[in-house]
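First comes the structure, then the notes that go with it.
Number of protein chains: 2
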Amino acid sequence: MIIKKMNDVPPQEVTMDGAKDVTVRVLFGPADNAPTFAMRVFELAPGGHTPFHTHPFEHEAVILDGDMAVVTESGDKPVQKNDVVLVAPGEKHQFKNRSSTQPARFMCLVPIAYQK
Amino acid sequence: MIIKKMNDVPPQEVTMDGAKDVTVRVLFGPADNAPTFAMRVFELAPGGHTPFHTHPFEHEAVILDGDMAVVTESGDKPVQKNDVVLVAPGEKHQFKNRSSTQPARFMCLVPIAYQK
Chain B
1 MIIKKMNDVP PQEVTMDGAK DVTVRVLFGP ADNAPTFAMR VFELAPGGHT
51 PFHTHPFEHE AVILDGDMAV VTESGDKPVQ KNDVVLVAPG EKHQFKNRSS
101 TQPARFMCLV PIAYQK
Chain G
1001 MIIKKMNDVP PQEVTMDGAK DVTVRVLFGP ADNAPTFAMR VFELAPGGHT
1051 PFHTHPFEHE AVILDGDMAV VTESGDKPVQ KNDVVLVAPG EKHQFKNRSS
1101 TQPARFMCLV PIAYQK
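Protein chains in written order, with this note's numbering: chain B, 1 to 116; chain G, 1001 to 1116.
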């Protein structure tokens, strides 16, 4: 069994094209021998966002804090704490922080094969 | 894309042997065509707990609220909000609410094949 405090896991800057002011903490991934899926938490600075992109695997996400939106091909969907999001494989999406003053955090899980 | 408010998903009583005062909300599972893993949130009434048991698949969990412990074969490990827990396949475990007055909540994900 592995127990971690989220904030003890060092954040890494997300340098992917199209990302702005985002860090990620890989809570459970290949280094922990997670068998099936990886658990990560992302922090978005005010105005920060992930890339508007698509990939062949799903996301399952839960909003932890902040005033966020999920951007889709049919517009922005506002999301708040305790909202959960399933992005299907191949669906274009972006997570963004709508606040200009407060950070936002969400947890996002992916199949383990796609976690570096 | 599917977006849900956690509390809009109806809670179901957990009737498994050894469970006490626990409900589960299946946020993403087979009914949502979740491809790889299922997302569930459990609420433990004061003094409530899941069974002390083992199974051939992992859990990845995050504590959302409350004063909880994960029970292991080597004793109780206290856990709080923002702690994350990886229970490996075959590891004996139980999640319990240590409070006698407040509820506790944790999110727990499993491989989709094990979600009814």
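For glycine and all other residues, C-beta sits at the position ideal for the given N, C-alpha and C. All values reported here derive from a predicted model rather than from experimental measurement.
Problem set entry | At least three beta-carbon pairs within less than 8 Å, the region 70 to 85 of chain B to the region 27 to 37 of chain B | no
**OP:** Taking Pro-89(B) as the query, report the chain G residues whose CB atoms sit under 9 Å from its CB, ordered along the chain.
**Re:** Translated into the one-based positions of the first sequence, residue 89(B) becomes position 89. Within chain G, the residues near Pro-89(B) are Pro-1035.
#### Entry: Inter-stretch contact at 8 Å, needing at least 3 Cβ pairs: the region 18 to 25 of chain B / the region 39 to 56 of chain B
yes
Point to revise | CA-to-CA distance, Leu-1044(G) to Ala-45(B), given in whole angstroms | key: Within the first sequence, residue 45(B) is the residue found at index 45, counting from 1. Within the second sequence, residue 1044(G) is the residue found at index 44, counting from 1. Each residue's alpha carbon lies about 33 Å from the other.
I need the boundaries of the beta strand (DSSP E) containing Ala-1045(G), first residue and last residue. The sequence position of residue 1045(G) within the second sequence is 45, counting from 1. First-last of the beta strand (DSSP E) with Ala-1045(G): 1037 to 1049.
**Request:** Determine the direct distance from the alpha carbon of Met-1006(G) to that of Pro-1089(G), and round the result to whole angstroms.
**Result:** Residue 1089(G) sits at position 89 when you count from the first residue of the second sequence. Residue 1006(G) sits at position 6 when you count from the first residue of the second sequence. C-alpha separation (whole angstroms): 27 Å.
* Return helix, strand or coil for Met-68(B), following the three-state DSSP convention. => Mapped onto the first sequence, residue 68(B) falls at position 68. Note: Met-68(B) maps to strand in three-state DSSP.
Exercise. Is it right to say Asn-33(B) is buried, meaning 16 or more other beta carbons lie within 10 angstroms of its own, or is it exposed?
Worked result: For the purposes of this step, residue 33(B) is taken as residue 33 along the first sequence, with counting starting at 1. Exposed, since its Cβ has fewer than 16 Cβ neighbours within 10 Å.
Starting from the C-beta of Asp-1083(G), find all residues in its chain whose C-beta is less than 8 Å away, skip the five residues before and the five after it, and write them out in chain order.
As a working note, residue 1083(G) is residue 83 in the second sequence. Excluding positions up to five away in sequence, the list reads Val-1062, Ile-1063.
Distance, Cα to Cα, Asp-67(B) vs Thr-101(B)?
If you number the first sequence from 1, residue 67(B) lands on position 67. If you number the first sequence from 1, residue 101(B) lands on position 101. Distance from the CA of Asp-67(B) to the CA of Thr-101(B), rounded to the nearest whole angstrom, comes to 10 Å.
| Measuring CB to CB, does Phe-42(B) end up less than 8 Å from Val-26(B)? | Along the first sequence, one-based indexing puts residue 42(B) at 42. Along the first sequence, one-based indexing puts residue 26(B) at 26. No.
Any C-beta of chain G within less than 8 Å: which residues of the region 55 to 72 of chain B qualify? Contact residues of the region 55 to 72 of chain B toward chain G are Phe-57, Glu-58, Glu-60, Val-62, Val-70, Thr-72 (C-beta to C-beta distance below 8 Å).
query: Can you list the residues of chain G that Lys-96(B) reaches, using a CB-CB cut of under 9 Å?
result: Sequence index remark: in the first sequence, residue 96(B) carries index 96 (1-based). The premise fails here: Lys-96(B) is roughly 14 Å from chain G at the closest Cβ pair, so nothing lies under 9 Å.
**Asked** What is the rounded straight-line gap between the Cα of Asp-1076(G) and the Cα of Lys-92(B)?
**Response** The residue labelled residue 1076(G) in the question sits at position 76 within the second sequence. The residue labelled residue 92(B) in the question sits at position 92 within the first sequence. Their backbone Cα atoms lie some 43 Å apart in a straight line.
*Simplified DSSP assignment, three categories, for Pro-89(B)*: Here residue 89(B) corresponds to residue number 89 of the first sequence, with the count starting at 1. Judged by DSSP in its simplified three-state form, Pro-89(B) adopts coil rather than helix or strand.
query: My guess is that Ile-3(B) and Val-1085(G) are in contact by the Cβ rule of under 8 Å, so how many angstroms apart are they, rounded?
result: Residue 3(B) sits at position 3 when you count from the first residue of the first sequence. Residue 1085(G) sits at position 85 when you count from the first residue of the second sequence. Sure, about 5 Å apart at Cβ, within 8 Å.
>> Just verifying my parser: in three-state terms, what is the DSSP assignment at Asp-32(B)?
In response: As a first step, residue 32(B) must be located in the first sequence, where it is residue number 32. Note: Asp-32(B) maps to helix in three-state DSSP.
Can you tell me whether Ala-1104(G) is buried or exposed, with buried defined as 16 or more other CB within 10 angstroms of its CB?
For the purposes of this step, residue 1104(G) is taken as the residue at position 104 of the second sequence. With 16 or more Cβ atoms within 10 Å of its Cβ, Ala-1104(G) is classed as buried.
- Task: Whole angstroms is fine: what's the gap from Met-1(B)'s alpha carbon to Val-1087(G)'s?
- Result: Mapped onto the first sequence, residue 1(B) falls at position 1. Mapped onto the second sequence, residue 1087(G) falls at position 87. Rounded to the nearest whole angstrom, the CA to CA distance from Met-1(B) to Val-1087(G) is 5 Å.
Count the other CB atoms, across all protein chains shown, that sit within 10 Å of the CB of His-1053(G); report buried if there are 16 or more and exposed otherwise. Translated into positions along the second sequence, residue 1053(G) becomes position 53. Exposed.
Q) For Asp-1008(G), which of helix, strand or coil comes out of DSSP? A) In the second sequence, counting from the first residue as 1, residue 1008(G) sits at position 8. Asp-1008(G) sits in a helix when the DSSP states are folded into three classes.
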